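Enquirer: In our numbering, the protein residues as written are -2 to 424. We put the beta carbon where it would ideally sit given N, CA and C, even for glycine. Note that this is a predicted model, so its numbers are computed, not measured.
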Ligand SMILES: Cc1cc2nc3c(=O)[nH]c(=O)nc-3n(C[C@H](O)[C@H](O)[C@H](O)COP(=O)(O)OP(=O)(O)OC[C@H]3O[C@@H](n4cnc5c(N)ncnc54)[C@H](O)[C@@H]3O)c2cc1C
């Protein structure tokens, strides 16, 4: 049981809420394990439908990746649209995008409905190709518009240079669908909404084991238990017990964020945009100006988490490479977290046995995509909606568990080397 890691978000936490540990034996229809956005999205969807639900979090709400991320909410899938089409065909990929776009709109509307204090919510994201890339992004924009109805706006290298004072980028596209939020406050606001709808939330309550009592499942916790018809495992990259098949399918990948001191006018001269920015390369840099003049800069992926001091140095180097005029900006804080990946780079949302559900594999797109998982699971429990099959089909292929991190790290090094030579683009 641990408190929040020291992050910009923990330092600016604004959403109230006190969720005591479970200290009794409960009987409910659904028990959600994991208080990240996947668990929260599932529990709020069930609570809104008037179903009985309890959520258990081993630490604090949003303690994992959900409360530490870059805050970019963007509809899409970690595999990327072209790879998704290759895997399932155009018709099924289009159907998945329809669902992802609807869930993205639902997340936005919940922020407004519950007055969640996770703003300012800033629209838009500029996704930049690298200067050494020979391929124009215009073709990608046309393809996304033609097949998915998403209107990405192409920007020439000259247009990019009017906004970003860096020589690292070539052309780009503006994604008007992305919005940026304070993800810890978003997570905590969703927990508040669950309770508002009659659901129960317990922090500092690890699920220790799962067993069966006839058709029902029993979750044991240090000072209580939950007996439920449905269990939803939403433990992200922090799953370490409960279901060996899920543990060995999950490849937790670390990525990192830092925040600078307030930079004032210097920041506006380097980055003349209020919105989110990222690269289109494998281990993408993702960053955004904060309203108080600080720069939030995220990037790098690897299998393990270095110390905050090493992180701060590495991310500062990346930022200075792109924006040499910000090279003397002081880093105030840096932190990391684990993204949940599956071998196929798609989420898995579905039952692994009757009444035992899994929601995982959101990679670097979980802020928005978790809402889709919650909608699918709640729809199945509440009205036998079988749309979850669209994601359940990807399954939980064995990825070696913790040993799976070694091949994953080798793949990341290979992609990082390719990116240096202008290859390894990822959209
Ligand atoms: C630094 C960083 C930057 C990122 N940037 C972005 C971004 O800008 N946009 C984006 O869309 N995505 C981003 N991501 C990815 C995104 O944050 C994740 O995909 C998403 O948060 C995953 O949500 P989750 O609920 O599956 O997992 P988590 O948020 O990790 O939640 C899992 C929770 O389960 C709990 N848990 C585990 N085991 C148990 C147990 N036995 N009992 C009780 N509780 C348990 C954990 O304590 C944890 O709180 C980023 C991730 C990181 C780390």
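1. Using a Cβ-Cβ cut-off of 7 Å (strictly less than) and excluding sequence neighbours within five positions of residue 167, which residues of its own chain qualify?
2. So, residue 233 versus residue 337, is the Cβ gap smaller than 8 Å?
3. Residue 125: beta carbon under 7 Å from a heavy atom of ligand 1?
4. Please tell me whether residue 178 and residue 5 are closer than 8 Å, where the distance is taken between their beta carbons.
5. Taking residue 300 as the reference, which of 248, 163, 329 has the closest Cα?
6. Rounded to whole angstroms, what is the Cα-Cα separation between residue 339 and residue 262?
7. For the structure I just gave you, are there three or more beta carbon pairs, one from the region 219 to 226 and one from the region 74 to 92, closer than 8 Å?
8. If you compare alpha carbons, which of 392, 314, 378 is closest to residue 342?
9. Buried or exposed, going by whether 16 or more other CB atoms sit within 10 Å of the CB of residue 152?
10. Starting from the Cα of residue 326, find the closest Cα among 226, 217, 294, 298 and give me that residue.
11. Taking residue 138 as part of the alpha helix (DSSP H), name the residues at either end of that continuous run.
12. Considering only DSSP beta bridges, list what residue 60 is partnered with.
13. Could you tell me the distance, in whole angstroms, from the CA atom of residue 420 to the CA atom of residue 186?
14. Which residue wins for smallest C-alpha separation from residue 365, given the options 34, 189, 317, 373?
15. Is residue 354 near ligand 1 - that is, is its Cβ less than 7 Å away from at least one heavy atom of it?
16. Can you say whether residue 374 is buried or exposed, counting buried as having 16 or more other CB atoms within 10 angstroms of its CB?
17. Less than 7 Å separating the Cβ of residue 232 from some heavy atom of ligand 1?
18. What beta strand (DSSP E) runs, 3 residues minimum, are completely inside the region 284 to 362?
19. On the criterion of 16 or more Cβ atoms from any shown chain inside 10 Å, does residue 205 qualify as buried, or is it exposed?
20. How is residue 132 classed by DSSP in three states: helix, strand or coil?
21. Report yes if the C-beta distance between residue 20 and residue 58 is below 8 Å; otherwise report no.
22. Return helix, strand or coil for residue 150, following the three-state DSSP convention.
23. With respect to the alpha helix (DSSP H) encompassing residue 94, which residues constitute its N-terminal and C-terminal limits?
24. Residue 250 and residue 182 look like a contact to me (Cβ under 8 Å); what is the Cβ gap, rounded to whole Å?
25. Just the Cα atoms here: how many angstroms apart are residue 164 and residue 134?
26. Quick one: does the C-beta of residue 60 sit closer than 7 Å to a heavy atom of ligand 1?
27. Quickly, what does DSSP pair residue 14 with across the bridge? List them, please.
28. Does the beta-carbon distance from residue 335 to residue 61 come in below 8 Å?
29. I'd like to confirm something about residue 55: is its beta-carbon nearer than 7 Å to some heavy atom of ligand 1, or not?
30. Below 8 Å on the Cβ atoms is my contact criterion, and I expect residue 356 with residue 39 to pass it. Report the Cβ-Cβ distance as a whole number of Å.
31. Note the first and the last residue of the continuous beta strand (DSSP E) segment covering residue 53.
Expert: Answer, in terms of the structure:
1. Locating residue 167 in the chain shown gives position 170, where the first residue counts as 1. These residues qualify, in order along the chain: 126, 127, 128, 130, 154.
2. Within the chain shown, residue 233 is the residue found at index 236, counting from 1. Within the chain shown, residue 337 is the residue found at index 340, counting from 1. Their beta carbons are under 8 Å apart, which means residue 233 touches residue 337 by this criterion.
3. Here residue 125 refers to the residue found at position 128 of the chain shown. No, ligand 1 has no heavy atom inside 7 Å of this Cβ.
4. Here the question's residue 178 lines up with position 181 in the chain shown. Here the question's residue 5 lines up with position 8 in the chain shown. In this structure, residue 5 does not lie closer than 8 Å to residue 178 by Cβ.
5. As a first step, residue 300 is located in the chain shown; it is residue number 303 there, counting from the start. Comparing Cα positions, the closest option is 248.
6. Here the question's residue 339 lines up with position 342 in the chain shown. Here the question's residue 262 lines up with position 265 in the chain shown. Whole-angstrom Cα-Cα distance: 42 Å.
7. no
8. By one-based count along the chain shown, residue 342 stands at place 345. The candidate whose alpha carbon is nearest that of residue 342 is 392.
9. As a first step, residue 152 must be located in the chain shown, where it is residue number 155. Buried: at least 16 other Cβ atoms inside 10 Å.
10. Within the chain shown, residue 326 is the residue found at index 329, counting from 1. The candidate whose alpha carbon is nearest that of residue 326 is 294.
11. Working through the chain shown from its first residue, we reach residue 138 at position 141. Here the alpha helix (DSSP H) through residue 138 covers 135 to 145.
12. By one-based count along the chain shown, residue 60 stands at place 63. DSSP, once it has assigned bridges, lists no residue as partnering residue 60.
13. Stepping through the chain shown from its first residue, residue 420 is reached at position 423. Stepping through the chain shown from its first residue, residue 186 is reached at position 189. The predicted position of residue 420 is uncertain, since its pLDDT is 47 and thus under 50; no value can be drawn from it.
14. Translated into the one-based positions of the chain shown, residue 365 becomes position 368. Ranking the options by Cα distance to residue 365, first place goes to 34.
15. By one-based count along the chain shown, residue 354 stands at place 357. No, Cβ of residue 354 sits at least 7 Å from all heavy atoms of ligand 1.
16. Counted from its first residue, the chain shown places residue 374 at position 377. Buried, since its Cβ has 16 or more Cβ neighbours within 10 Å.
17. Working through the chain shown from its first residue, we reach residue 232 at position 235. Yes - ligand 1 has a heavy atom lying nearer than 7 Å to the Cβ of residue 232.
18. 292 to 299, 328 to 338, 345 to 350, 353 to 357
19. Residue numbering aside, residue 205 sits at position 208 when the chain shown is read from its first letter. Flag for residue 205 reads exposed.
20. Walking along the chain shown from the start, residue 132 turns up at place 135. It is coil, neither helix nor strand.
21. Here residue 20 refers to the residue found at position 23 of the chain shown. Here residue 58 refers to the residue found at position 61 of the chain shown. Contact: no.
22. Within the chain shown, numbered from 1, the residue matching residue 150 stands at position 153. Of the three classes helix, strand and coil, the one that applies to residue 150 here is strand, per DSSP.
23. Here residue 94 corresponds to residue number 97 of the chain shown, with the count starting at 1. First-last of the alpha helix (DSSP H) with residue 94: 87 to 110.
24. Your numbering for residue 250 matches position 253 in the chain shown. Your numbering for residue 182 matches position 185 in the chain shown. With 8 Å as the limit, residue 250 and residue 182 do not qualify as a contact, their Cβ atoms being about 25 Å apart.
25. Stepping through the chain shown from its first residue, residue 164 is reached at position 167. Stepping through the chain shown from its first residue, residue 134 is reached at position 137. Those two C-alpha atoms are separated by around 17 Å.
26. Working through the chain shown from its first residue, we reach residue 60 at position 63. Residue 60 Cβ: within cutoff of ligand 1.
27. Taking the first residue of the chain shown as 1, we reach residue 14 at position 17. None; residue 14 has no bridge partner.
28. In the chain shown, residue 335 corresponds to position 338, counting from 1. In the chain shown, residue 61 corresponds to position 64, counting from 1. Yes; because the gap between Cβ atoms is below 8 Å, this pair is in contact.
29. Your numbering for residue 55 matches position 58 in the chain shown. Yes, ligand 1 has a heavy atom inside 7 Å of this Cβ.
30. Your numbering for residue 356 matches position 359 in the chain shown. Your numbering for residue 39 matches position 42 in the chain shown. Contact flag correct, Cβ pair sits at about 6 Å.
31. Locating residue 53 in the chain shown gives position 56, counting from the first residue. Here the beta strand (DSSP E) through residue 53 covers 50 to 53.
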